[in-house]
Amino acid sequence: GLSIKILYNGSPHLSYGIKISQTKASDWTYGNDNFYSDSQAEMRTLSLPVQFHNKLSKYKLKNHLRFYTEIAPLVGVSSFSSTSQLFQVQEAGKDIVSLTASDDLYFGLNTGAGIEYMFSQSIGMFMSYSLEYSRTKSSIHNDNHFSFSRFDAGIIIKLLKDKKFQYKTQNE
């Protein structure tokens, strides 16, 4: 998948913003059932993260390293399609076609924790782990909720400079 998150530092310990993500899945198997082996799923999510983190310090390592925890309400659309039918229904010798695709709205909550390390004022990296729980109502399956865990790693590109970032340790 791919995610883009924009955060604003509201205070030394709090940031908030918006996150847009897209996740795709396909080519999975479930016993002898062809319905899932031919299927594809895509989730497009919009979330509003609130992040609690440590304050930057004047000391070198703490000036580049940030630990955080995050909570985010979310809303999204889940698209599912398969080339096979889940059920084959016949009525009086006539086949009735069942759905093979759906687009379903979901909403939920994501919580996570992570670490960021900044190499310079504008470039850094992050790693995080999160859990998501969402509720949905689908026209193609009976599930009314889903949950998953996720490990993310990537780069950070800052568009605005952080005034508290220091390149060298200052001797006082």
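Under our numbering, think of the first position of the sequence shown as 1447, with each following residue one higher. Virtual Cβ for every residue (Gly too), placed ideally from N, Cα, C. These numbers were taken from a predicted model, which means no experiment stands behind them.
Would you mind giving the Cβ-Cβ distance between residue i and residue j, rounded to the nearest angstrom? I have them listed as a contact below 8 Å.
{"i": "T1515", "j": "F1526", "result": "That pair is no contact at about 32 Å."}
{"i": "N1556", "j": "S1576", "result": "6 Å"}
Could you pull the start and end residues of the beta strand (DSSP E) that residue i belongs to?
{"i": "I1586", "result": "Run containing I1586: none; DSSP gives neither H nor E here."}
{"i": "K1470", "result": "1460-1472"}
{"i": "Y1579", "result": "1569-1582"}
{"i": "P1519", "result": "1511-1527"}
{"i": "K1540", "result": "1540-1542"}
{"i": "K1451", "result": "1448-1457"}
{"i": "F1498", "result": "1496-1499"}
{"i": "L1551", "result": "1547-1564"}
{"i": "S1493", "result": "1486-1493"}
Count the other C-beta atoms from every protein chain shown that fall within 10 angstroms of the C-beta of residue i, then say buried if there are 16 or more, exposed otherwise.
{"i": "A1538", "result": "exposed"}
{"i": "L1460", "result": "exposed"}
{"i": "K1540", "result": "exposed"}
{"i": "M1489", "result": "buried"}
{"i": "T1615", "result": "Confidence at T1615 is low in this model, with a pLDDT of 44, below 50, so the placement of that residue should be treated as unreliable; the coordinate-derived value is given next. Answer is exposed; the Cβ neighbour count stays below 16."}
{"i": "G1558", "result": "buried"}
{"i": "L1431", "result": "This structure leaves residue 1431 out entirely; the chain is present only between 1447 and 1618."}
{"i": "S1593", "result": "exposed"}
{"i": "A1518", "result": "buried"}
{"i": "S1467", "result": "buried"}
{"i": "R1522", "result": "Rather than Arg, the amino acid found at residue 1522 in this sequence is Gly. Under this definition G1522 is a buried residue."}
{"i": "G1560", "result": "buried"}
Of the residues the options, which one's Cα is nearest the Cα of residue i?
{"i": "S1544", "options": "F1565, S1528, P1495", "result": "S1528"}
{"i": "F1565", "options": "S1593, I1517, I1601, G1456", "result": "I1601"}
{"i": "P1495", "options": "F1592, H1591, G1456", "result": "G1456"}
{"i": "R1512", "options": "T1491, S1449, P1458", "result": "P1458"}
{"i": "S1472", "options": "I1464, Y1462, D1484, K1465", "result": "D1484"}
{"i": "I1464", "options": "I1452, K1604, K1470, D1589", "result": "I1452"}
{"i": "Y1579", "options": "D1589, I1450, M1571", "result": "D1589"}
{"i": "I1603", "options": "Y1563, G1477, S1595, H1591", "result": "Y1563"}
{"i": "L1520", "options": "K1501, T1546, S1530, L1492", "result": "L1492"}
{"i": "N1509", "options": "Q1567, G1477, K1470", "result": "Q1567"}
{"i": "K1470", "options": "Y1462, A1547, Q1486", "result": "Q1486"}
{"i": "Y1454", "options": "N1500, M1573, Y1462", "result": "Y1462"}
{"i": "H1587", "options": "T1546, S1595, S1574", "result": "T1546"}
{"i": "G1570", "options": "A1599, Q1536, L1448", "result": "A1599"}
Legend entry - Validate contact between the region 1575-1583 and the region 1536-1556 using beta carbons, cut 8 Å, 3 pairs: At 8 Å Cβ cutoff, the stretches touch.
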